[in-house]
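Okay, so here's the structure we're looking at.
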Amino acid sequence: MKYIIANWKMSIDDAKIDKFLNTLKTQVSSKNVVCGVATPFVYINKVLPTLSQYHWLVGAQNVSFAESGAYTGEISAKMLREQGVNFCIVGHSERRVMFGETDEIVNTKIQRLLEQNLTPLLCIGETLEQHEQNKTNLVLKKQLQSDLADIKYVDKLIIAYEPVWAIGTGKSASTKDIQQNILFIKQTLGKMYGDKSQDITVLYGGSVNPKNAQSIFLLNCVDGALVGGASLDCQKFLDIVHSMQ
Ligand code: PEP
0 MKYIIANWKM
10 SIDDAKIDKF
20 LNTLKTQVSS
30 KNVVCGVATP
40 FVYINKVLPT
50 LSQYHWLVGA
60 QNVSFAESGA
70 YTGEISAKML
80 REQGVNFCIV
90 GHSERRVMFG
100 ETDEIVNTKI
110 QRLLEQNLTP
120 LLCIGETLEQ
130 HEQNKTNLVL
140 KKQLQSDLAD
150 IKYVDKLIIA
160 YEPVWAIGTG
170 KSASTKDIQQ
180 NILFIKQTLG
190 KMYGDKSQDI
200 TVLYGGSVNP
210 KNAQSIFLLN
220 CVDGALVGGA
230 SLDCQKFLDI
240 VHSMQ
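With numbering that gives the first Met the number 0 applied, the sequence shown covers 0 to 244.
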């Protein structure tokens, strides 16, 4: 199955969500693609009725590494499950860079999500410097091994290959790089999990838009996309979804 997931980040508000949902209601959604939206926590209950009516997944953008207790401001995996969330982004480069999330924290968050039967959407990717120094494979392998250390049940896992330099820059990675790096990720997962790795979905993320989506989706190894900026406008997002067929 192919997935196209929106990451609204902190770039959305009530009015923009109303517009998004109203546009969605006028469109026929695609049967061959699973769509989802990772929304800020406070809008989970606002988007859930409409998104689930269209069989779209509802996601969060963050989760606590702790199960429960005195963690002011945190949201646990159990709370997400109770609100009807299906998946949660972990390891996004914005959280790694701006909020100091280490691979160890990312690993703990993945465990918390799996305990609640929620799908972790793990983002990995190299910085521009690492890309220019040809260290991409090393970085991807290290992130996969550390972020997934002791994670046994992987059938629910979604990975997004997101080169940090392609996120929000309008400069997507080349199809050659996307193919090479996603194949490397799949190969590495194969070594870690054997045949079970075939259940893991690997998306591409980084400045996907309605113009470049089709050429990216033509790559057999790409199981879909994680879309930031272009997902705020429902019509643009649906154009990306439709270029998957
Ligand atoms: C993202 O933040 O996950 C992302 C892919 O953003 P954008 O599409 O804006 O590059």
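All residues carry an ideal CB built from backbone N, CA and C; glycine is no exception.
Beta-ladder partner(s) of residue i, from DSSP
i: Lys1; result: Val32
i: Leu217; result: Beta-bridge pairing links Leu217 to no other residue.
i: Thr25; result: None, per the DSSP bridge assignment.
i: Asn44; result: For Asn44, which the question treats as bridged, DSSP gives no partner whatsoever.
i: Thr200; result: Ile157
Own chain partners of residue i with C-beta closer than 8 Å, once the 5 adjacent residues on each side are dropped
i: Ile150; result: Asn106, Ile109, Gln110, Leu113 and Leu156
i: Cys220; result: Gln178, Ile181, Leu182, Lys185 and Val201
i: Ala65; result: Glu73, Ser75 and Arg111
i: Gly167; result: Ser206, Gly227 and Gly228
i: Val84; result: Ile43, Val57, Gly58, Ala59 and Leu117
i: Tyr192; result: Val153 and Ile199
C-beta contact flag for residue i and residue j at 8 Å
i: Ala229; j: Pro209; result: yes
i: Cys122; j: Gly204; result: yes
i: Phe40; j: Ala14; result: no
i: Gln244; j: Asn31; result: yes
i: Leu139; j: Ala76; result: no
i: Ser196; j: Val153; result: yes
i: Leu231; j: Trp7; result: yes
i: Val89; j: Thr126; result: no
i: Lys1; j: Asp222; result: yes
i: Glu161; j: Ser92; result: yes
i: Leu188; j: Ala159; result: no
i: Asp176; j: Gln142; result: no
i: Asn133; j: Arg94; result: no
i: Arg80; j: Gln115; result: yes
i: Phe236; j: Ala5; result: yes
Coarse secondary structure for residue i, derived from DSSP in three states
i: Gly205; result: coil
i: Val57; result: strand
i: Leu50; result: helix
i: Leu20; result: helix
i: Ala224; result: strand
i: Ala212; result: helix
i: Ala37; result: strand
Spatial neighbours of residue i in its chain, beta-carbon cut-off 7 Å, leaving aside the 5 residues before and after
i: Leu50; result: Val36 and Val57
i: Thr174; result: Ser214, Ile215 and Leu218
i: His130; result: Pro162 and Trp164
i: Tyr45; result: Residue identity differs from the one stated: residue 45 is Lys in this sequence, not Tyr. Result list for Lys45: Ile16, in chain order.
i: Lys172; result: Per the sequence shown, the amino acid found at residue 172 is Ala instead of Lys. Only Pro162, Ala165 and Gly205 meet the Cβ criterion.
i: Thr22; result: Cys233 and Gln234
i: Asp238; result: Pro209
Own chain, CB closer than 6 Å to residue i, minus 5 neighbours either side, in chain order
i: Asn211; result: Ser171
i: Val33; result: Met0 and Tyr2
i: Arg148; result: According to the sequence shown, residue 148 is Ala rather than Arg. Once the five neighbours on either side are set aside, the close Cβ partners of Ala148 are Asn106.
i: Glu100; result: Arg94
- Query: Considering only residues of the segment 133-185, which uninterrupted alpha helix (DSSP H) runs meet the minimum length of 4 residues and lie entirely inside it, listed in chain order?
  - Reply: 135-146
- Kindly provide the ranges of any beta strand (DSSP E) runs that are 3 or more residues long and lie completely inside the segment 72-132, ordered along the chain. 86-89 and 118-123
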